[in-house]
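Here is the structure we will look at, set down as structure tokens.
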Amino acid sequence: MEYEVRFYFSKEKLEEIIKKIKNIKGLTMQNRCYEKTLQFDHPCADMSFYNKKIDGRFRVRITKNEVISKCKLSWKRRLESTTESDVNKEEEVELNINYNEYENLMFLIEKVLKMKSIESYERYRTIFNNDEVEIAVDEYPFGIAIEIENKSKSEEPQAIVRKWVENLGMDMENSYRLSWDDKYSKLCKEQNVERYNHVRFDLNMPQVIE
0 MEYEVRFYFS
10 KEKLEEIIKK
20 IKNIKGLTMQ
30 NRCYEKTLQF
40 DHPCADMSFY
50 NKKIDGRFRV
60 RITKNEVISK
70 CKLSWKRRLE
80 STTESDVNKE
90 EEVELNINYN
100 EYENLMFLIE
110 KVLKMKSIES
120 YERYRTIFNN
130 DEVEIAVDEY
140 PFGIAIEIEN
150 KSKSEEPQAI
160 VRKWVENLGM
170 DMENSYRLSW
180 DDKYSKLCKE
190 QNVERYNHVR
200 FDLNMPQVIE
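In numbering that gives the first Met the number 0, the protein residues as written are 0 to 209.
What follows is the structure in structure tokens.
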């Protein structure tokens, strides 16, 4: 299980956020990476991952910078118990794929399994971590997100998340409980901006406004 919370901020807050996290002792800062995530659906409509009874996301993600190139296949699903507490509890399964096999993976997904491409998004991610927590600063085309995820083996993972939310001086009540696509869709509707299935930096995007 994955235990995490997420907060959204305007793009103007990026430098302030990075500086604040860098000043917290005990965290290691990783190199900023470009990420592209593609989301697919089951080929049979009656088994759609986007059905509310399933509410899952099947994802292929590439991550790269001047040092690394990675590929990951993952499944993430909200559970009925996801929002029972103030920390999200979600089902997540990840599989690392050799980056050089990316084209073969896409061939199998699209041509053999006939999975349907639903949406995709770009972002830049900077990770801060230690044995307890992973704090990701995500630069989306529509705003900044901070994701705080438990990485400890503690029997109280939600307490770990709350501890780091407090360390960052944030309020759990301000966390956003849904996924990135929910946030993006909400912003498009509020700001009367065309919604794209593929969220890119070169497209007209709504913006998180504080």
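Beta carbons are placed, not taken as given, at the ideal position from N, Cα and C, and that holds for glycine. For clarity, every value in this text was computed on a predicted model and none was experimentally measured.
If you draw a straight line from the Cα of Glu1 to the Cα of Arg76, it comes to about 10 angstroms. Your pair Ile147 and Ile134 checks out as a contact, with CB atoms roughly 5 angstroms apart and the cut at 8 angstroms. A distance below 6 angstroms between beta-carbons, with the five flanking residues on each side excluded, links Asn196 to the following residues of its chain, in chain order: Glu118. For Asn166, the enclosing alpha helix (DSSP H) begins and ends at 156-166.
Below 8 angstroms, enough C-beta pairs join the segment 30-44 and the segment 53-73 to call them touching: three or more. Note on Arg56: 16 or more other CB atoms within 10 angstroms of its CB, so buried under the neighbour-count rule.
Beta-carbon to beta-carbon, Asn87 and Val4 are separated by about 6 angstroms, close enough to satisfy the 8 angstroms threshold.
In this structure, Val136 places its C-beta atom within 8 angstroms of the C-beta atom of Ile17. Within its own chain, the residues whose Cβ lies closer than 7 angstroms to the Cβ of Ser151, once the five positions on either side in sequence are excluded, are Asp130, Glu131, Ile159, listed in chain order.
Note on Ala44: under 16 other CB atoms within 10 angstroms of its CB, so exposed under the neighbour-count rule.
DSSP assignment within the segment 132-206 yields the following whole beta strand (DSSP E) runs of 3 residues or more, N-terminal first: 132-139, 142-149. In the three-state reduction of the DSSP assignment, Tyr49 falls in the coil class, being assigned neither a helical nor a strand state. Within the same chain, Cβ atoms closer than 6 angstroms to the Cβ of Tyr120 are found at Thr36, Val198, the five residues on either side in sequence being excluded. Ile16: member of the alpha helix (DSSP H) spanning 13-21, first to last residue.
In the three-state scheme derived from DSSP, where H, G and I count as helix and E and B as strand, Asn64 is classed as coil.
Separation of the CB atoms of Ser9 and Ile143 is rounded to 7 angstroms, and the pair is thereby assigned contact status at 8 angstroms. For Asn128 against Thr27, the beta-carbon gap comes to about 6 angstroms, under 8 angstroms, which counts as contact. C-alpha of Lys52 to C-alpha of Asp40: approximately 14 angstroms in a straight line.
Contact check for Ile96 against Leu72 passes: the beta carbons are separated by less than 8 angstroms. Rounded to whole angstroms, Leu13 and Tyr123 show a C-alpha spacing of 11 angstroms.
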